[in-house]
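So the sequence shown is numbered by UniProt numbering: it starts at 1 and just counts up by one.
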Amino acid sequence: MTRVERSRSLDSGAEQASGKKEGMPVTATPLGPAVSMGTGRPQLTWDLVFEMSDVSGHVRRHLLRVYTTLGLMVLFAAIGVLLDLRWPVHPAITGLVIGLPLLFAIMCTPPARLAFRLTCAMLLATSMGASIGNSVQHALAIDPALIGLAFGCTTLIFVTMSLCAYFATHRASFFLYGFLSSALLPLIVLSVAADFIHSPFLVYVSLYAGLLLFSLFIIVDTQLMIERAICGEDDFVWHALDLFLDVINIFVRILAIFNVTNDD
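What follows is the structure in structure tokens.
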């Protein structure tokens with residue numbers, strides 16, 4: 001073997017050794033250079049999350065539209081809160097009289113009428129934001145920092161549960177969906193009983209049980225959304241509405257927990 005061939009052989013062996021330590025395989029991703037499994041520490045990005053969770057390009061585009069719509073709905077809900085703080089309206093009017101017709105309009109309108117359904121979704125988010133104006137005003141009277149803290153906790157729960165949904169087995173959602181749906185009615189009964197009996201224990205149980213329930217709903221709704229997108233369903237307005245209902249219910253319960261705790 002000549003000196004040049006020996007040098008090339010040593011260089012090749014060094015390259016193989018640098019990509020493999022103690023038998024660990026090297027995996028290459030389209031996001032950058034090869035990463036040694038167990039030793040490499042790639043930067044966590046949404047692209048890497050999608051790649052690791054086997055989300056296809058079509059589903060990624062669908063998720064982008066869903067989360068963009070969800071962000072707009074959260075923004076319009078905040079506008080609704082501000083409007084209610086300026087011009088208070090009874091929550092039954094904003095939440096039921098205005099909100100329910102908008103919800104049925106979205107349900108009964110075909111996805112092809114995108115502009116109309118998006119308009120209804122933003123108006124629904126505004127009305128639901130106005131319906132929680134009393135809780136926000138109560139928190140502002142106690143400590144304005146509670147609003148930001150509740151929003152931060154809601155965001156943390158949403159991101160955490162969404163990541164759990166991406167990496168979990170998609171079939172698990174079908175087992176959870178029936179359990180969570182059947183738990184909604186007892187939760188409503190418990191909440192009504194807590195309002196009538198005025199029991200602090202029932203109030204805490206209903207708030208924490210609802211918080212857990214809707215946190216798990218984020219996993220279920222996200223997995224079902226991905227499965228439906230894989231099957232060709234691209235109704236991103238309805239999927240964003242599902243997640244928005246989870247988010248606003250979590251926010252309301254976290255804010256109520258803060259209000260009750262600080263009142264005591």
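For every residue, glycine included, the Cβ atom is placed at its ideal position computed from N, Cα and C.
If you're wondering where the values come from, they're calculated on a predicted model, not measured in any experiment.
Query, Result
"Interface flag, R117 vs chain D, CB-CB below 8 Å", "In the structure shown, chain D does not exist; there is a single protein chain."
"C-alpha gap between A183 and D246, whole angstroms", "15 Å"
"Touching by the beta-carbon criterion (3+ pairs, under 8 Å), the segment 78–90 and the segment 253–262", "no"
"Backbone secondary structure at H62 - three-state DSSP", "helix"
"contact_flag[the segment 228–246, the segment 193–213] where n(CB pairs < 8 Å) is 3 or more", "no"
"CB of F217 within 8 Å of CB of L163, strictly", "no"
"Where the alpha helix (DSSP H) through I218 begins and ends", "P200 to I230"
"Under 8 Å between C-beta atoms of G57 and T126", "no"
"Cβ-Cβ separation, I250 to F214 (assumed contact under 8 Å), whole Å", "5 Å"
"Extent of the continuous alpha helix (DSSP H) run through L140", "G133 to I142"
"Under 8 Å between C-beta atoms of T94 and A130", "yes"
"Alpha-carbon to alpha-carbon, G152 and P91", "24 Å"
"Presumed contact (8 Å Cβ cut-off) between L103 and L123, rounded CB distance", "In fact, because the Cβ distance is near 10 Å, the residues do not count as touching under 8 Å."
"Cα-Cα separation between residue 298 and I219, rounded to whole angstroms", "The structure shown does not extend to residue 298, since the chain spans only 1 to 264, so no value can be given for it."
"Own chain, CB closer than 7 Å to P200, minus 5 neighbours either side, in chain order", "none"
"Minimum C-alpha distance to residue 266 - residue among M73, I248, Y166 and G148", "Residue 266 falls outside the range modelled here, since the chain spans only 1 to 264, and no answer is possible."
"From T154, C120, G210 and I197, residue whose alpha carbon lies closest to that of L100", "C120"
"As assigned by DSSP and simplified to three states, the class of L255", "helix"
"Under 8 Å between C-beta atoms of L211 and I254", "yes"
"L140 to G148 span [Cα, whole Å]", "10 Å"
"Residue range of the alpha helix (DSSP H) that includes P101", "G99 to C108"
"Contact belief for M128 with I230 at Cβ below 8 Å, rounded distance in angstroms", "Going by Cβ atoms, the distance from M128 to I230 rounds to 29 Å, so no, they are not a contact pair."
"Enclosing alpha helix (DSSP H) for G95 [first to last residue]", "Counting along the chain, G95 falls outside any alpha helix (DSSP H), and DSSP gives it neither H nor E."
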